[in-house]
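Student: So the mapping is simple: my numbering equals the position in the sequence shown, first residue as 1, plus 31. Just dropping this structure here.
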Amino acid sequence: MFKKLIKNERGLTLVELLAVIVILGIIAAIAIPSIGKVIQNSREDAVRADAIQVLNSADLYISSKGIPADGSLDAAELGTYVKNTDKLDTGWTVNVSTDGNTVTFNGKGHAGSQVITFTNASVKAINNDNGNGTHTIQ
């Protein structure tokens with residue numbers, strides 16, 4: 032009876048085990064680049080979100096304190112209106128038109144290996160950016 036139990040045990044053969052390992056390798060080769068692209072896209076989205084936050088903060092500043100005389104705002108002036116823009120490099124500025132209807136952002140942000148440069152970028156331009164490669168948003 033004991034011999035019968037041992038004979039009925041089944042397991043994976045070496046060929047079956049190798050086939051499973053090859054299939055897992057193929058799945059990993061396909062998935063790893065896709066995951067990297069998702070991570071890079073989220074980093075770029077974080078930089079864009081920080082720039083949009085600065086522009087929205089500038090709108091709030093203008094509505095409470097008026098249009099600045101020189102038509103420009105920086106981090107020092109928007110300090111209490113802007114929080115956690117750590118994805119943007121220091122030295123960014125916001126330009127405000129004389130009527131206060133147009134607010135644009137100038138600065139740079141680092142998203143992993145990419146640098147996103149904003150030149151007179153509005154919220155609409157930032158939202159419409161396709162994000163392919165190193166890019167300048169205008």
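Idealized CB from N, CA, C, for every residue including glycine. What you are looking at is a predicted structure, and each value in this text was computed from that prediction instead of being measured.
Can you tell me which of the three DSSP states residue 72 falls into?
Tutor: Along the sequence shown, one-based indexing puts residue 72 at 41. Of the three classes helix, strand and coil, the one that applies to residue 72 here is helix, per DSSP.
Student: Could you name the residues of the same chain whose beta carbon sits closer than 8 Å to that of residue 121, not counting the 5 residues immediately before and after it, in chain order?
Tutor: Looking up residue 121 in the sequence shown gives position 90. Within the same chain, and ignoring the five residues on either side of residue 121 in sequence, the residues whose Cβ sits closer than 8 Å to its Cβ are 106.
Student: Would residue 140 be called buried (16 or more neighbouring beta carbons within 10 Å of its own) or exposed?
Tutor: For the purposes of this step, residue 140 is taken as residue 109 along the sequence shown, with counting starting at 1. Answer is buried; the Cβ neighbour count reaches 16.
Student: Name the one or two DSSP bridge partners that residue 103 has.
Tutor: Indexing the sequence shown from 1 puts residue 103 at position 72. The partner list for residue 103 (beta bridge, DSSP) reads 126.
Student: Does DSSP classify residue 109 as helix, strand or coil?
Tutor: Looking up residue 109 in the sequence shown gives position 78. Residue state, collapsed to three classes: coil.
Student: So who's on the other strand from residue 139, going by DSSP bridges?
Tutor: Stepping through the sequence shown from its first residue, residue 139 is reached at position 108. 148, per the DSSP bridge assignment.
Student: Using DSSP with H/G/I as helix, E/B as strand and the rest coil, what is residue 164?
Tutor: Counting from 1 along the sequence shown, the entry for residue 164 is found at position 133. The predicted position of residue 164 is uncertain, since its pLDDT is 45 and thus under 50; a value taken from the coordinates is nonetheless stated next. Three-state result, residue 164: coil.
Student: Would you kindly check if the distance between the Cβ of residue 113 and the Cβ of residue 88 is under 7 Å?
Tutor: Position 57 of the sequence shown, counted from the first residue, corresponds to residue 88. Position 82 of the sequence shown, counted from the first residue, corresponds to residue 113. Result yes, Cβ atoms of residue 88 and residue 113 sit closer than 7 Å.
Student: Going by beta carbon distance, what residues of the same chain come within less than 6 Å of residue 123, once the five residues before and after it are set aside?
Tutor: For the purposes of this step, residue 123 is identified with residue 92 of the sequence shown, where counting begins at 1. Sequence-distant partners of residue 123 (beyond 5 residues in either direction) whose C-beta falls short of 6 Å from its own C-beta, in its chain, are 138.
Student: Compute the beta-carbon to beta-carbon distance between residue 86 and residue 125, rounded to the nearest angstrom, for a pair I have assumed lies under 8 Å.
Tutor: Working through the sequence shown from its first residue, we reach residue 86 at position 55. Working through the sequence shown from its first residue, we reach residue 125 at position 94. Distance from residue 86 to residue 125 at the Cβ level is roughly 7 Å; contact confirmed, criterion being Cβ atoms closer than 8 Å.
Student: Considering only C-alpha positions, which residue in the set 110, 48, 131 is nearest to residue 99?
Tutor: Within the sequence shown, residue 99 is the residue found at index 68, counting from 1. Of 110, 48, 131, the residue nearest in Cα terms is 131.
Student: Could you please give the first and the last residue of the uninterrupted alpha helix (DSSP H) stretch that includes residue 157?
Tutor: Counted from its first residue, the sequence shown places residue 157 at position 126. Taken as a continuous stretch (DSSP letters only), the alpha helix (DSSP H) holding residue 157 covers 154-159.
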